Amino acid sequence: MATGSNPPPKPWEQAGASSSGPAPFKPSSPGSTSGVVEASGTAKPGEIVSSANRPDTVSAADRSVVNRNAFGRNIPSRPWESNYGNSYGGVGYNSGLNYQTGYGSGSGTGMGMYGSYGSYGSYGNGLGGAYGGGGYGSNMYRGGYGMYGGGGMYGGGGMYNGMGGPMGGPGMGGPYADGDPNNPYGPPSPPGFWMSFLRVMSGVVDFFGRISVLIEQNTHAFHMLMSALLQLFDRSGMLYGELARFVLRLLGIRTRSRKAQPPIPGGPPGHPDQMLIEGPPQQQKLIEGPKAGWDNVWGEGGSKAQ
Amino acid sequence: MPSFKTPFNGSAVKFSPYYETRLAVGTAQNFGIVGNGAVHVLDLTPGAAIAQVVAFNTNDGVYDVAFAEDNDNLLVAAVADGSVKLWDVARPPSANPIVSLQEHTQEVQAVDYNPVRKDSFLTASWDDTVKLWTIDRPASIRTFKEHTYCVYSAVWNPRHADVFASVSGDVTVRIWDVREPQSTMVFPAHEMEILSCDWNKYDDCMVATASVDRSIKVWDVRSFRVPVAVLNGHGFPVKKIKFSPHQRNMILSCSYDMTVCMWNYQIEDALVWRYDHHTEFAVGIDMNPFVEGLIASCGWDELVYVWQHGTDPRAF
């Protein structure tokens, strides 16, 4: 292995000495690195440090519980010391060691990754009624009903705004971290009585929750249909009225009104069509009749009568 | 500026201390989880493209590379199977690697060649140790074993031949003198694992650390109770940092938020520039010691970019 020439000087070497004051380092020793280290008595050629003679070494299980370094931080178990067999999960993203910690998973409970899918607390709420608050429900269905609830389009005016809450569902997963396929803490111990009982209850509640969701959705669909029909009929009254008026004005009524309505002597000025719109001819006569009579009493009619 | 596509996911990129156009890239298959690795030696050609000089394959992922400072053809690679391999670019691939040093019992995460004495290099490993090697010995000279968790980086002081710093998942920074039996300084620098560190080239007491807590901190080793500067801005853990070889106040960093950032730690708005050209985690950076502002980066998107600071890396 031939040693070549030295590389060009580094930019900072050309710039001269460091200028921030005295450094807390001993001056460099002359000679080669191997000579310097051997002269200092610290050399230990070829030392192999296995995990067996590391000073802090404990088993992976113990490490996660008790081992702390000088600064009081829990040392996580190393990826390759995990008793989880799969090499993908075990080694994990090589620098993924960093990656894993960075994303906040791998905490002691093994729930980090799936914790957001509802908690035990939300399950309890579910038993109490209203199936409140699980991540499952609040994320999916509340958003969905929010769309209906906006209401501007149908004029519903926020009728459904409150519907998100009860749709929560019992939440998935809950405390059962052992169902997690990425759980690095090995196979689970068999569940106890209360665990299995609660799991059965969870299944029951989940089942009825789903049925109620179906019913709820059907109800909503039916309601939307009915309200839309009602509004259509509501508007249709005006629609038909306008249409009929238009048709009548165009065709039937104009000619018929000329024939049907005799000119009223002494009546108020106005077009015959206008009178037609105001009301039926009989009523017109009834109203206008006495009016003409009163006028005749006090007005020019009176003088005419005299 | 040009880019180069590697067959595997990138893990580290380094410029040569001898040639301003040469750089080396370490890559690992399947994001370094399992599979092979490779070291690519690349040249920037006058036509603004990147040409491959040679590539060496390994049976496990390559996590870091470093050019030797005393031989322009020599290259050191940190390999995930715990070995440290030396490659000679002048020899054919069949004659490489010229040496494979097998002492680390876990993955070797980082390698750094001594830039002052130029005859030794450090390797940092997941077996919690840092090892000191010289070219003329078949085994390591010394093993530094004080960290209580994986050591992610060990970097020589650019002005002291015997001093280096190491950072670890045990959240501490340790400053070592190879003549001393114990570390000369130790201080907790972050709340979470520290992934990278580098010395200021113009101030031999200034060291910067990058952590999973998404921050970069600059420390004066003479008064390490309070950091000189804290640089926040990355959205995910900061994978590597590097002080500029030309300017005393500039720091380059890359992160799992897929960006490469240039910082000026001496001003209030420290973030000078953010490059988002990578479409996967950006895990390797370096700055050319000859051309000021020439930056190289690599990422899990299998692309190596070389560009001038202030320009778009994707513009070609």
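The listed protein sequences correspond, in order, to chains U and S. Just so we're aligned, residue 4 is where the first sequence starts under the working numbering, counting upward by one. Just so we're aligned, residue 906 is where the second sequence starts under the working numbering, counting upward by one. Virtual Cβ for every residue (Gly too), placed ideally from N, Cα, C. Bear in mind the structure is a predicted one, so any value in this text is a computation, not a measurement.
{"Query": "Sheet register partners of S:F1069 (DSSP bridge)", "Result": "S:W1061 and S:W1081"}
{"Query": "Chain-ordered residues of the stretch 24 to 46 of chain U with a beta carbon less than 7 Å from chain S", "Result": "A26, P27, F28, K29, S31, S32, S35, T36, S37, V39, V40, S43, T45 and A46"}
{"Query": "Option nearest S:T1048 by Cα separation, candidates U:E219, U:I51, U:F28 and U:E16", "Result": "U:I51"}
{"Query": "Cα-Cα separation between U:S260 and U:G240, rounded to whole angstroms", "Result": "Below a pLDDT of 50, predicted positions are generally treated as unreliable, and U:S260, at 47, falls in that range; the measurement from the model is reported next regardless. Cα-Cα distance, rounded: 24 Å."}
{"Query": "Whole-Å CB distance - S:S1116 paired with S:L1100, under 8 Å assumed", "Result": "6 Å"}
{"Query": "Three or more C-beta pairs below 8 Å linking the stretch 1062 to 1079 of chain S and the stretch 974 to 992 of chain S", "Result": "no"}
{"Query": "Backbone secondary structure at U:R252 - three-state DSSP", "Result": "helix"}
{"Query": "For S:V989 and S:L1027, the rounded distance between their alpha carbons", "Result": "10 Å"}
{"Query": "Complete runs of the beta strand (DSSP E) confined to the stretch 975 to 1036 of chain S [at least 3 residues]", "Result": "979 to 984, 988 to 993, 1004 to 1007, 1013 to 1018 and 1025 to 1030"}
{"Query": "Residues of its chain near S:L1037, where Cβ-Cβ distance is below 7 Å and the 5 sequence neighbours each way are ignored", "Result": "S1025, L1027, S1045, I1046, R1047 and V1083"}
{"Query": "Contacts of U:W197 in chain S (Cβ-Cβ under 8 Å)", "Result": "Neighbours of U:W197 on chain S: none; closest Cβ ~37 Å, over 8 Å."}
{"Query": "Endpoints, beta strand (DSSP E) assigned at U:S37", "Result": "From DSSP, U:S37 is part of no beta strand (DSSP E) but of the alpha helix (DSSP H) over T36 to S43."}
{"Query": "Residue-chain proximity (U:G147, chain S), Cβ-Cβ < 9 Å", "Result": "Low confidence applies to U:G147: its pLDDT is 30, below 50, so where it sits in the model is not reliable, and the reading given next is rough at best. Judged by the 9 Å Cβ criterion, U:G147 is not in contact with chain S."}
{"Query": "Buried/exposed call for U:E245, threshold 16 Cβ in 10 Å", "Result": "exposed"}
{"Query": "Chain-ordered chain U contacts of S:V1083 [CB-CB under 8 Å]", "Result": "T36, V39, V40, S43 and T45"}
{"Query": "Beta-carbon proximity check, S:G987 vs S:T1010, cutoff 9 Å", "Result": "yes"}
{"Query": "8 Å Cβ shell around U:E16 - same chain, five flanking residues per side excluded", "Result": "none"}
{"Query": "S:D1191 at chain U interface by Cβ criterion, 9 Å", "Result": "no"}
{"Query": "Bridge-paired residues (DSSP) for S:Y1269", "Result": "An answer regarding residue 1269 of chain S cannot be provided, because it is not within the stretch 906 to 1221 covered by chain S."}
{"Query": "Rounded C-alpha distance that separates S:A995 from S:D1174", "Result": "46 Å"}
{"Query": "C-beta neighbour in chain U for S:K1023, strict 9 Å", "Result": "yes"}
{"Query": "Beta-carbon proximity of S:E1051 to S:V1076, cut-off 9 Å", "Result": "no"}
{"Query": "Spatial neighbours of U:V40 in its chain, beta-carbon cut-off 7 Å, leaving aside the 5 residues before and after", "Result": "A46"}
{"Query": "Chain S contact residues for U:S53, given Cβ-Cβ distances below 7 Å", "Result": "T1010"}
{"Query": "Other residues of its chain near U:T104: CB distance less than 6 Å, five sequence neighbours each side excluded", "Result": "Annotation note: pLDDT 33 at U:T104 (below 50); position unreliable, coordinate value reported separately. Contacts found: none."}
{"Query": "Residues bridged to S:W1168 (per DSSP)", "Result": "S:I1156 and S:L1176"}
{"Query": "Within 9 Å, strictly: CB atoms of S:E974 and S:P1020", "Result": "yes"}
{"Query": "Burial state of U:M229 (16 or more Cβ within 10 Å)", "Result": "exposed"}
{"Query": "Range of the contiguous beta strand (DSSP E) that encloses S:P1093", "Result": "M1090 to P1093"}
{"Query": "Cβ-based burial, S:L928 [other Cβ within 10 Å; buried from 16]", "Result": "buried"}
{"Query": "Chain S within 9 Å of U:N186, Cβ atoms only", "Result": "Its pLDDT being 49, under 50, U:N186 is placed unreliably in this model, and the value from its coordinates should be taken loosely. Output row for U:N186: interface = no."}
{"Query": "Inter-stretch contact at 8 Å, needing at least 3 Cβ pairs: the stretch 931 to 940 of chain S / the stretch 910 to 922 of chain S", "Result": "yes"}
{"Query": "Among S:A985, S:F909, S:G1189 and S:T1053, the one whose alpha carbon lies nearest that of S:A953", "Result": "S:F909"}
{"Query": "Cα-Cα separation between U:Y134 and S:G1140, rounded to whole angstroms", "Result": "Its pLDDT being 34, under 50, U:Y134 is placed unreliably in this model, and the value from its coordinates should be taken loosely. Answer to the nearest angstrom: the Cα atoms are 35 Å apart."}
{"Query": "For S:D1075: DSSP bridge partner residues", "Result": "Paired residue(s): none; S:D1075 is not in a bridge."}
{"Query": "C-alpha distance - S:M1163 paired with S:H945, whole-angstrom precision", "Result": "22 Å"}
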